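**Student:**
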Amino acid sequence: MKRALILYCHPRETSFNHAIKELVIARLEKAGVDYRLRDLYAEGFDPVLSAHDHEIYETVPDNRALVERDCQDIEWCDSLIFVYPTWWYGLPAMLKGWLDRTMVPGVSFIMPEEVGGDIKPGLTHITKLGVFTTCGASRWLTFFVGAPGKRTLLRGLRVILAKRCKTAFAAHFLMDSSTAQSRARHLERVQKRLDKLIAAPSPKEG
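Numbering-wise, full-length UniProt numbering puts 17 at position 17 of the sequence shown, and it's gapless, one number per residue.
#1: Quick check on G44: buried or exposed, where buried means 16 or more other Cβ atoms within 10 Å of its Cβ?
#2: Nearest-angstrom Cα distance between residue 233 and I110?
#3: Closer than 7 Å by C-beta to A147: which residues in its own chain qualify, once you throw out the five before and the five after it? Chain order, please.
#4: Can you give me the Cβ contacts of I160 inside the same chain, cut-off strictly under 7 Å, excluding the 5 residues immediately before and after it?
#5: Check whether the segment 168-188 and the segment 6-25 are in contact - that is, three or more C-beta pairs closer than 8 Å.
#6: Could you pull the start and end residues of the beta strand (DSSP E) that P85 belongs to?
#7: Taking the alpha carbon of S50 as the point to measure from, which residue in V60, P61, L66 and L5 has its own alpha carbon closest?
#8: Looking at the secondary structure, which residues open and close the alpha helix (DSSP H) in which K163 lies?
#9: Among G156, P85, H125 and V115, which has the Cα closest to the Cα of D78?
#10: Roughly how far, in whole angstroms, is the beta-carbon of G97 from the beta-carbon of V33, given that I think they are within contact range, below 8 Å?
#11: Run through the segment 6-73 for me and flag every whole beta strand (DSSP E) of 3 or more residues, listed as ranges in chain order.
#12: So, for C9: in the same chain, excluding its five sequence neighbours on each side, which residues have a beta-carbon less than 6 Å away from its beta-carbon?
#13: Express the C-alpha separation of M103 and E75 in angstroms, rounding to a whole number.
#14: Among residues of its own chain, excluding the 5 on either side of D100, which ones have a beta-carbon nearer than 6 Å to its beta-carbon?
Below, the structure is given as structure tokens:
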């Protein structure tokens, strides 16, 4: 891991997610990893895919004009790290909107030329993916519902990254009844899994 793009999504600076984000930054700095932080709420990112955006969605390169900074960040990094709360078992609307608007054809994937064909991955330079979240629901209830937020990133996004992309995941469940001890244990868990991801040899692109 040499260049990490952190996607942070929480509206409150006093949140536990803020503490997780600060830990992620500290571990990256300790390891000498160059990083860029995207704090979507602080930046006032617009997550709405407008009618105009949708109209030019498949028009390369016009489709990246409104999210050029995001596209440059995505092309720059070799690792993606997400820090966010799980709401209604899924991604916050702000983060889902970031995916909707920035993961555009010609950058993140290549549209099929033949009818019925599959898209081709466009982010094969990204070889590591970290996902760190908090959940109000219990582990078993999240599993029962299908953990759509986790699946969106670790399955849906991962298929357009490097073929052997390495991943790390950690979730603190039952956040509403969390304790200082449970939060401390979770920070230790995040640190161990992130450190392992940082140190792991990067697979070849493709």
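Virtual Cβ for every residue (Gly too), placed ideally from N, Cα, C.
Model, not experiment: these values are computed from the prediction.
**Tutor:** Let's see:
#1: Within the sequence shown, the letter at position 44 stands for residue 44. Exposed: under 16 other Cβ atoms inside 10 Å.
#2: The displayed coordinates of the chain run from 1 to 206. Any statement about residue 233 would go beyond what the structure contains.
#3: Your numbering for residue 147 matches position 147 in the sequence shown. Taken in chain order, the residues that qualify are Y89.
#4: To locate residue 160, count along the sequence shown from 1; it is residue 160. Result list for I160: S108, F109, P121, G122 and L123, in chain order.
#5: The segment 168-188 vs the segment 6-25: in contact.
#6: Within the sequence shown, residue 85 is the residue found at index 85, counting from 1. Start and end: S79 to T86.
#7: For this step, residue 50 is matched to residue 50 along the sequence shown. Nearest C-alpha to S50: L66.
#8: As a position in the sequence shown, residue 163 is number 163, starting the count at 1. Looking at the DSSP string, K163 is not in any alpha helix (DSSP H), and its letter there is neither H nor E.
#9: Taking the first residue of the sequence shown as 1, we reach residue 78 at position 78. Of the listed residues, the one whose Cα sits closest to D78 is H125.
#10: Position 97 of the sequence shown, counted from the start, is the residue given in the question as residue 97. Position 33 of the sequence shown, counted from the start, is the residue given in the question as residue 33. For G97 against V33, the beta-carbon gap comes to about 27 Å, at or over 8 Å, which does not count as contact.
#11: 34-39
#12: Within the sequence shown, residue 9 is the residue found at index 9, counting from 1. So the list reads L40, Y84, P92, M94 and L95, once near-sequence residues are dropped.
#13: On the sequence shown, position 75 is the one that residue 75 refers to. On the sequence shown, position 103 is the one that residue 103 refers to. Cα atoms of E75 and M103: separation of roughly 11 Å, rounded to the nearest angstrom.
#14: Within the sequence shown, residue 100 is the residue found at index 100, counting from 1. If we look at D100 and ignore the five residues flanking it on each side, its Cβ neighbours are L49.
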